[in-house]
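If you want our numbering, it's the position in the sequence shown, counting the first as 1, plus 204.
Backbone N, C-alpha and C define an ideal beta-carbon position, used for all residues, glycine too.
In this text, all values refer to a predicted model and were calculated from it rather than measured experimentally.
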Amino acid sequence: MLSRFGPIIRQSIKIWKAAEKTMGASAKYCKPTPIWHNTNLCMAKKILIFKPWTESGIFNLKDIYNDDGLKPFQILQDEFSIPRSSFSFYLRLRLALKTYGVPWSAKLAPHPLINWIDSSMGSKGSVSKINEQMVVHQYIKMPIENFWERELNTTTDWDTVWKNCFTCSKNPAHQMIHFKLIHKAYTTPWLLCKMNRKQNPFCHLCEGSNQGTYMHMFWYCPRVTLFWSLVQTELSVLMDTVIQREPLLFLLLDDSSLSLSLSQRRILTTALTAAKKVILKLWLEPSIPVMCTWRSYLLDIARLESTTARILGASGKTIQFWRDLIVNLSDKQ
Ligand SMILES: [Zn+2]
Numbered sequence: 205m206l207s208r209f210g211p212i213i214r215q216s217i218k219i220w221k222a223a224e225k226t227m228g229a230s231a232k233y234c235k236p237t238p239i240w241h242n243t244n245l246c247m248a249k250k251i252l253i254f255k256p257w258t259e260s261g262i263f264n265l266k267d268i269y270n271d272d273g274l275k276p277f278q279i280l281q282d283e284f285s286i287p288r289s290s291f292s293f294y295l296r297l298r299l300a301l302k303t304y305g306v307p308w309s310a311k312l313a314p315h316p317l318i319n320w321i322d323s324s325m326g327s328k329g330s331v332s333k334i335n336e337q338m339v340v341h342q343y344i345k346m347p348i349e350n351f352w353e354r355e356l357n358t359t360t361d362w363d364t365v366w367k368n369c370f371t372c373s374k375n376p377a378h379q380m381i382h383f384k385l386i387h388k389a390y391t392t393p394w395l396l397c398k399m400n401r402k403q404n405p406f407c408h409l410c411e412g413s414n415q416g417t418y419m420h421m422f423w424y425c426p427r428v429t430l431f432w433s434l435v436q437t438e439l440s441v442l443m444d445t446v447i448q449r450e451p452l453l454f455l456l457l458d459d460s461s462l463s464l465s466l467s468q469r470r471i472l473t474t475a476l477t478a479a480k481k482v483i484l485k486l487w488l489e490p491s492i493p494v495m496c497t498w499r500s501y502l503l504d505i506a507r508l509e510s511t512t513a514r515i516l517g518a519s520g521k522t523i524q525f526w527r528d529l530i531v532n533l534s535d536k537q
């Protein structure tokens, strides 16, 4: 069917169809649907074309529809000056609409894609808006997201998780700590055993018969659990609010259920970056004093963030926040 059009029209139709498919927003019959040469609207298996109407300016369904459905012939005649003799065509067209299931006694909806390419919104930002909508519609849940929801037996606000993952620090290395943890990119004793790099799959921290799985090594191991409890206590004091020790918050940074101020969120994510660094170090050096190491890491990260904020020309409020936090943490050392 496309072969009878020129390359520009052909390409435009292809792009339109692809956009419809991506957005899951196809609409066979809507206001912009063409009446003429439309294979989805035939009469006796023949496409429609009726010169007296095209010459009068009727091209799309929106031309012959109003809020009540198909306009009465009289109104069309008044509006477009179509000849009285075309009434029989009007009746045949109405029959065709009914045959194809076009709602001819109800208002036609605009095409779904029109909602986000509405010209009334102006050109500024429209490309970004369209791009964002297409990205959102193409989003497919990652297997790793299913893993966490299965493990934690809860739903997760992944928008918050990914946002906090990449805004927790200006330092990409710190962002990567959270990113790799969420993606299960750290090798646990269980995985090393699977890879034939370790003789047994057991956790070397608790020296029990616990398998060193991902969740055990980051959350359920008694030594790690104790560390998280201590972090929870100190973090609650630092944030001036009671924080619950939950893997959703501590491991995935999902703070969507909390109403945190920007300062509290900064303290939370900085503290959790330091905590994850401590756990990873603990895997390698099981004898380290975890809380001393955590406080030291926390201070180091705060100093780094403070320096970065000044270099990047952050607001005075942000710079002051990091200064105050450094003073607060230094006092606790
Ligand atoms: Zn263990």
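Between the beta-carbon of residue 447 and the beta-carbon of residue 466, is there less than 9 Å? No, the Cβ-Cβ distance between residue 447 and residue 466 is not below 9 Å.
Per DSSP, which residues does residue 415 bridge with? Please list them. According to DSSP, residue 415 bridges with 406.
Within 10 angstroms of the Cβ of residue 299, are there 16 or more other Cβ atoms? Answer buried if so, exposed if not. Exposed: under 16 other Cβ atoms inside 10 Å.
Per the DSSP calculation, residue 294 is bridged to which residue(s)? DSSP, once it has assigned bridges, lists no residue as partnering residue 294.
Does the contact criterion of 3 or more C-beta pairs under 8 Å hold for the segment 524-533 versus the segment 504-516? A contact exists between the segment 524-533 and the segment 504-516.
By a C-beta neighbour count over all protein chains shown, 10 Å radius and 16 as the cutoff for buried, is residue 303 buried or exposed? Residue environment analysis places residue 303 among the exposed positions, since fewer than 16 neighbouring C-beta atoms fall within 10 angstroms of its C-beta.
In terms of residues, what are the limits of the alpha helix (DSSP H) holding residue 381? Element bounds for residue 381: 376-386.
Thinking just about the alpha-carbon of each residue, which of 378, 343 and 355 is nearest to the one in residue 363? Selection 378, 343 and 355 evaluated against residue 363 yields 343 as nearest (Cα-Cα).
Given a cut-off of 9 Å, decide if residue 394 and residue 416 are closer than it, judged by their beta-carbon atoms. Yes.
Quick one: grab the DSSP three-state call for residue 347. Helix.
At a cut-off of 8 Å, is residue 427 close to ligand 1 when judged by its beta-carbon and the heavy atoms of the ligand? Closer than 8 Å to some heavy atom of ligand 1: that describes the Cβ of residue 427.
CA-to-CA distance, residue 234 to residue 527, given in whole angstroms: Roughly 59 Å separates the two Cα atoms.
Do the CB positions of residue 257 and residue 291 come within less than 9 Å of each other? Their beta carbons are not under 9 Å apart, which means residue 257 does not touch residue 291 by this criterion.
Can you check whether the CB of residue 385 is closer than 9 Å to the CB of residue 422? Against a cut-off of 9 Å, the Cβ pair of residue 385 and residue 422 comes out as a contact.
From the DSSP output, which residues share a beta bridge with residue 251? According to DSSP, residue 251 bridges with 246.
Nearest-angstrom Cβ-Cβ length linking residue 481 and residue 381, presumed shorter than 8 Å: With a contact defined as Cβ atoms closer than 8 Å, residue 481 and residue 381 qualify at about 6 Å.
What residues are listed by DSSP as bridge partners for residue 274? Per DSSP, 269.
For the alpha helix (DSSP H) holding residue 370, just list the boundary residues, first then last. Segment 362-371, the alpha helix (DSSP H) holding residue 370.
DSSP state of residue 264 mapped onto helix, strand, coil: Correct three-state label for residue 264: strand.
Among 388, 474 and 491, which one has its Cα closest to the Cα of residue 427? If we check each option's Cα against that of residue 427, 491 comes out closest.
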